[in-house]
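The next block holds one structure in the form of structure tokens; read it before the comments.
Number of protein chains: 2
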Amino acid sequence: MNVLEKIVNSVNSFSKSERKVADVILANPQTTIHSSIAALAKMADVSEPTVNRFCRRLDTKGFPDFKLHLAQSLANGTPYVNRHVEEDDGPEAYTAKIFESTMAALDAARQNVDINTINRAVDVLTQAKKISFFGLGASASVAHDAQNKFFRFNVPVVCFDDIVMQRMSAINSSEGDVVVCISHTGRTKNLCDIAAIARENDATVIGVTAYDSPLAKECTLVLSLDVPEDTDMYMPMASRVAQLVLIDILATGFTLRRGTKFRENLKKVKDSLRGSRFEKKDF
Amino acid sequence: MNVLEKIVNSVNSFSKSERKVADVILANPQTTIHSSIAALAKMADVSEPTVNRFCRRLDTKGFPDFKLHLAQSLANGTPYVNRHVEEDDGPEAYTAKIFESTMAALDAARQNVDINTINRAVDVLTQAKKISFFGLGASASVAHDAQNKFFRFNVPVVCFDDIVMQRMSAINSSEGDVVVCISHTGRTKNLCDIAAIARENDATVIGVTAYDSPLAKECTLVLSLDVPEDTDMYMPMASRVAQLVLIDILATGFTLRRGTKFRENLKKVKDSLRGSRFEKKDF
DNA sequence: GGATAAGTTGTAATTAAATTACAACTTACT
DNA sequence: AGTAAGTTGTAATTTAATTACAACTTATCC
């Protein structure tokens, strides 16, 4: 809980002098964080130790520590809030809101993601004989993107957004193959089937999906991203961005695990693109 | 500007010892705000006055004031500094860094994007007879995603990641058609050709690309996202996320412009997916 | 209603932390 | 090589915060 709220909540348990301190702080919090204990004591018309005791009562280590907490409480006023787009929003409004809710979603994802599972997923991927990315609908483009990334690593990688091809690919998989199934809800029937088939054929199945979903149950490893999505819009937006970032993380982990020499290879891939591009100096 | 960003930005203007201080603070900002100047000096292996001078250089009144600012930066919506992934980063480190640099990129994009152009692009899209999304390589998955979004609007929309198909499509375009070309660098030759061809056939060409690039020159409307990308990694990561968010914004603007009735249509599309999914209550 | 104990507050002493002044050193330029 | 500008550290000083303790207030019990 943040300190400001805490002060308000525990205002009853304060003594007379402590209450004076609380009042002064609540009245000018911004001033408080730039004051010394002496200045604040004077403002509240109490002694310095009283202020100090007040701070300790709020479970801080002392006055400087209290100021730190207070500063954070004040800064927290405007974090990236998942503000919904509304009917009469103009371009500025909806642009800002979408940026902010995407950032809020990434922030949430960052806090929820399980590093341990990421590490294991990277493990599995680095040792894969072949990597397949499967997704349907909106998740197909995430799979597509993942393929583009891992392809640069010179690893056998495929990506299908066609259930027939996915099924054939899953049936043909074997031990050492890794299948990554991407689905925000984790309730897409066809994809659950694919995951099950791949598992039956001894492939390792990584699910980029909701924890505790039917798809998750079919997977060897579940990378879940708990992203609060604005369901009013009926389109996966923030959740899909979080999935992409997760792919970025896996790809990064992959390159780091493979070591320096390997990364020189990446440069080659990038350099090979040069022929298809205008040089920077050209314009 | 927040202190953390400030440190990263002015890292060049620091002296050797100040740099040591900066490194320690960036590595453990949370620890820093609970340390004394002596502890921090020891960690950075410099003297206490050096730390103090470092604080002043960042326009703070001294060490305690610096800690206050730092605390606010950390609590604030934007502790998102574009920190580069390094050789010996563990999973926690690179996961955090990628999330943060993506968020930093979005923050930058939000500030740079031109609302006016977005508004005009939405205008153009709502009036389009047909919308085409073209991208190659990493941008192909962005185009793919855009198609998925706009398809739900019941608008004629196509997406090609094959230059032959793109070319044929561009040649067949006519007035009222809108072609969206996606390229981070804006220097992909083939895509520039496509844009030129589409223009010659009276289509409106929207470029999601770098301002002032060869591709931008071929477009009717340029939506540029100035995203500082970590080029060391040789993979488009943050830039592509920003592109996706831009697509989200265009799609949102589109639905808002079309009005309430239209949005009921979206629900239909969403409901139609239900048959292919497990119900929530099923598990 | 007074005595005592528990709790509250302030003064003064102490300790800890941060800052300043200055000297030594390093670097870059003549 | 010499000098000036800039950088860094040591030691002294100042400032701020905390502690110890005493005075006072309030509540409780006989």
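In the order they appear, the protein sequences are chains H and W.
Heads up, the first sequence is in the working numbering, so the first residue is 1 and it goes up one at a time.
Heads up, the second sequence is in the working numbering, so the first residue is 284 and it goes up one at a time.
From the three backbone atoms N, C-alpha and C, an ideal C-beta is built for every residue, glycine too.
Given the structure is predicted, the values throughout are model-derived calculations rather than measurements.
1) W:Q410 to W:N402, Cα distance in whole Å?
2) Is any beta-carbon of chain W found at less than 8 Å from that of H:D59?
3) Candidates W:G345, W:M386, W:F443, W:N395: which alpha carbon is nearest W:I465's?
4) Name the chain H residues that come within less than 8 Å of W:M448, Cβ to Cβ?
5) May I ask you to verify whether the stretch 215-222 of chain H touches the stretch 182-194 of chain H, counting CB pairs closer than 8 Å and requiring at least 3?
6) Please name the residue in H:A105, H:D202, H:L250 whose C-alpha comes closest to that of H:S173.
7) Output yes or no for whether 8 Å exceeds the beta carbon distance between W:L353 and W:F417.
8) Of all Cβ atoms in chain H, is any one closer than 8 Å to the Cβ of W:N335?
9) Since H:D145 and H:L244 should fall inside the 8 Å C-beta cutoff, what is the C-beta to C-beta distance between them, to a whole number of angstroms?
10) Spatial neighbours of W:L357 within its chain, please: C-beta separation below 8 Å, excluding the five flanking residues on both sides.
11) Examine chain H for any beta-carbon lying closer than 8 Å to the beta-carbon of W:H467, and answer yes or no.
12) Could you list which residues in chain W have their beta carbon closer than 7 Å to that of H:K67, in chain order?
13) Can you check whether the C-beta of H:I7 is within less than 8 Å of a C-beta belonging to chain W?
14) Please return the same chain residues whose Cβ sits closer than 6 Å to the Cβ of H:V124, not counting the five positions on each side in sequence.
15) Are the stretch 84-103 of chain H and the stretch 15-28 of chain H in contact at 8 Å, needing three or more beta carbon pairs?
16) Report the option in H:N112, H:M103, H:I37 whose CA atom is closest to the CA atom of H:Y211.
17) Return the bridge partner residues of H:F134 from the DSSP annotation.
18) Mapping the DSSP letters down to three states, classify W:Y363 as helix, strand or coil.
19) Note down the Cα distance separating H:A238 from H:V227, rounded to an integer number of angstroms.
20) Assuming contact is defined by CB atoms lying nearer than 8 Å, are W:F433 and W:A534 in contact in what I supplied?
21) Closer than 8 Å by beta-carbon distance: list the chain H residues that pair up with W:L527, in chain order.
22) How far does the alpha helix (DSSP H) with H:V222 in it extend, from its first residue to its last?
23) Taking the alpha-carbon positions, what's the H:D193 to W:K299 distance?
24) Is it the case that the Cβ atoms of W:A478 and W:G490 are separated by a distance below 8 Å?
25) Counting only Cβ pairs nearer than 7 Å, list the residues of chain H close to W:N402.
26) Using CA atoms only, rank isn't needed, just tell me which of H:P236, H:E87, H:K129, H:V21 is closest to H:P156.
27) Nearest to H:Q147 by alpha carbon, out of W:N431, W:Q430, W:S424?
28) Tell me which same chain residues have a C-beta within less than 8 Å of the C-beta of H:A216, skipping the five on either side of it?
29) Need the endpoints of the beta strand (DSSP E) that H:V284 sits in, please.
30) Could you pull out every residue in the same chain whose Cβ sits closer than 8 Å to the Cβ of H:V24, ignoring the five residues on either side in sequence?
31) Which of the three DSSP states is assigned to W:T343 in this structure?
32) For H:Q72, decide whether its Cβ has a neighbour in chain W, counting only Cβ atoms nearer than 8 Å.
33) Could you check whether H:L58 and H:I7 sit closer than 8 Å to each other, using their CB atoms as the reference points?
34) Using CA coordinates, which residue listed in H:F99, H:N12, H:A143, H:S139 is at the minimum distance from H:S132?
35) Counting only the same chain and skipping the five closest in sequence on each side, list residues whose C-beta sits under 6 Å from that of W:A388.
In short, the structure shows the following:
1) 13 Å
2) no
3) W:F443
4) Here the premise fails: no neighbours, minimum Cβ distance about 16 Å.
5) yes
6) H:D202
7) no
8) no
9) 6 Å
10) L287, P312, Q313, I316
11) no
12) L351
13) no
14) V178, T204
15) no
16) H:N112
17) H:F160, H:C181
18) A caution first: W:Y363 carries a pLDDT of 44, below 50, which makes its placement in the model unreliable, though a value can still be read off. Three-state result, W:Y363: coil.
19) 7 Å
20) yes
21) R240, V241, L244
22) No alpha helix (DSSP H) contains H:V222, which is instead part of the beta strand (DSSP E) from 221-223.
23) 59 Å
24) yes
25) P91
26) H:K129
27) W:S424
28) G186, G207, T209, A210, V222, S224
29) Only positions 1 to 283 of chain H appear in this structure, which leaves residue 284 of chain H out of reach.
30) T32, L40, M43, A44
31) coil
32) yes
33) yes
34) H:A143
35) V510, A521, A525
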